[in-house]
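Trainee: Numbering (this note's numbering), first residue to last: 2 to 188.
Pasting a structure below so you can have a look.
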């Protein structure tokens, strides 16, 4: 009897979470799409009103990834408008996200029309860009998304290696002799 009650409770939670997901997706589909410049508004009030039109690349990538993942994994989200929105967001990312040096680094923040505002040393934006491109490729089968994602992966890999070495330099300077099997094990 306890097992049956647990099953009923879990089923109730599953239904509630499904309803919440439907509500959240409907909210973002209705309020976040920038019809004029592409991409998504991500700074929205509870009423859907845009309070800041800056576009954070990691949030753009996350929304593309989420739309694609929902489209690919859940039958009820296999709607053309969801995929079209993901592709439109992907096009905004392809057009504007990778900025410095040319095509190697993603901006952290863009203006509404895609001009870079800030580029950071972190790889946060690049990670979400890669996730978005990978999921777009999985959903559409379009190789250009896979190629763009791979180029970004290579950039992130190089950046990661440089950051790793940079964090190890103080350790190397303090040590009387370098580590026996490479520059820095913890990297």
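Glycine included, every Cβ here is placed at the ideal spot set by N, Cα and C.
(1) Give a yes or no on contact between the stretch 51-62 and the stretch 111-120, applying the rule of three or more CB pairs nearer than 8 Å.
(2) Do you know whose CA, among 130, 90 and 8, lies nearest residue 216's CA?
(3) With residue 93 and residue 49 assumed to form a contact (beta carbons below 8 Å), what rounded beta-carbon distance in angstroms separates them?
(4) Excluding the 5 residues preceding and the 5 following residue 31 in the sequence, name in chain order all residues of the same chain whose CB lies nearer than 7 Å to its CB.
(5) Cα separation between residue 74 and residue 66?
(6) Kindly indicate the opening and closing residues of the beta strand (DSSP E) around residue 53.
(7) Using only alpha-carbon positions, find the residue among 125, 95 and 59 that is nearest to residue 138.
(8) If you draw a straight line from the alpha carbon of residue 174 to that of residue 99, how long is it in whole angstroms?
(9) Who are the near neighbours of residue 83 in its chain, counting only those whose CB is closer than 6 Å to its CB and skipping five residues on each side?
(10) Taking its Cβ as the centre, do 16 or more other Cβ atoms sit within 10 Å of residue 20, making it buried, or is it exposed?
(11) Sort out for me which residues DSSP pairs residue 44 with in a bridge.
(12) Among the residues of its own chain, which have a CB less than 6 Å from the CB of residue 33, if the five just before and after it don't count?
(13) Pick helix, strand or coil for residue 99, following the three-state DSSP scheme.
(14) Give me the Cβ distance between residue 146 and residue 134, rounded to the nearest whole Å; I'm assuming they're in contact under 8 Å.
(15) According to DSSP, is residue 119 helix, strand or coil?
(16) Do residue 90 and residue 121 have their CB atoms nearer than 7 Å?
(17) Compare the Cα-Cα distances from residue 88 to each of 13, 15 and 141 and report the closest residue.
(18) Near residue 51, what residues of its chain come up, given a Cβ to Cβ distance below 7 Å and the 5 sequence neighbours on each side ignored?
(19) So the candidates are 126, 125 and 97; which of them puts its Cα closest to the Cα of residue 117?
(20) Counting C-beta neighbours from all protein chains within 10 Å, is the total for residue 17 16 or more, i.e. buried, or is it exposed?
Mentor: If we stick to the structure as given:
(1) yes
(2) Nothing in the structure corresponds to residue 216, since the chain is present only between 2 and 188.
(3) What you label residue 93 is simply residue 92 of the chain shown in a count that begins at 1. What you label residue 49 is simply residue 48 of the chain shown in a count that begins at 1. Wrong, their Cβ atoms sit about 20 Å apart, outside the cutoff.
(4) Along the chain shown, one-based indexing puts residue 31 at 30. Here the set comprises 49.
(5) Position 73 of the chain shown, counting from 1, holds the residue named residue 74. Position 65 of the chain shown, counting from 1, holds the residue named residue 66. Going by the C-alpha atoms only, they are around 12 Å apart.
(6) By one-based count along the chain shown, residue 53 stands at place 52. It spans 51-53 - the beta strand (DSSP E) in which residue 53 sits, taken as one unbroken run.
(7) Within the chain shown, numbered from 1, the residue matching residue 138 stands at position 137. The option with the nearest alpha carbon to residue 138 is 95.
(8) Along the chain shown, read from residue 1 onward, the residue named residue 174 stands at position 173. Along the chain shown, read from residue 1 onward, the residue named residue 99 stands at position 98. Low per-residue confidence applies at residue 174: pLDDT is 47, beneath 50, and the placement is therefore not dependable enough to give any value.
(9) Start at 1 with the first residue of the chain shown, and residue 83 comes out as number 82. Around residue 83: 68 and 72.
(10) One-based indexing of the chain shown puts residue 20 at position 19. Residue 20 is exposed by the Cβ-count criterion.
(11) Position 43 of the chain shown, counted from the start, is the residue given in the question as residue 44. In DSSP, residue 44 forms a bridge with 53.
(12) On the chain shown, residue 33 is found 32 positions in, with the first residue counted as 1. Taken in chain order, the residues that qualify are 41 and 42.
(13) Position 98 of the chain shown holds residue 99. Reduced to three states, the DSSP call for residue 99 is strand.
(14) Numbered from 1 along the chain shown, position 145 holds the residue referred to as residue 146. Numbered from 1 along the chain shown, position 133 holds the residue referred to as residue 134. Yes, residue 146 and residue 134 are in contact; Cβ-Cβ is about 5 Å, under 8 Å.
(15) Walking along the chain shown from the start, residue 119 turns up at place 118. Strand at residue 119.
(16) Locating residue 90 in the chain shown gives position 89, counting from the first residue. Locating residue 121 in the chain shown gives position 120, counting from the first residue. Going by C-beta atoms, residue 90 is not nearer than 7 Å to residue 121.
(17) As a working mapping, residue 88 is identified with position 87 in the chain shown. Nearest option by C-alpha distance: 141.
(18) Taking the first residue of the chain shown as position 1, residue 51 is located at position 50. Closer than 7 Å at the Cβ level, and outside the excluded window around residue 51, lie 42, 44 and 45.
(19) Within the chain shown, the letter at position 116 stands for residue 117. Here the closest residue by C-alpha is 97.
(20) Start at 1 with the first residue of the chain shown, and residue 17 comes out as number 16. Residue 17 should be labelled exposed.
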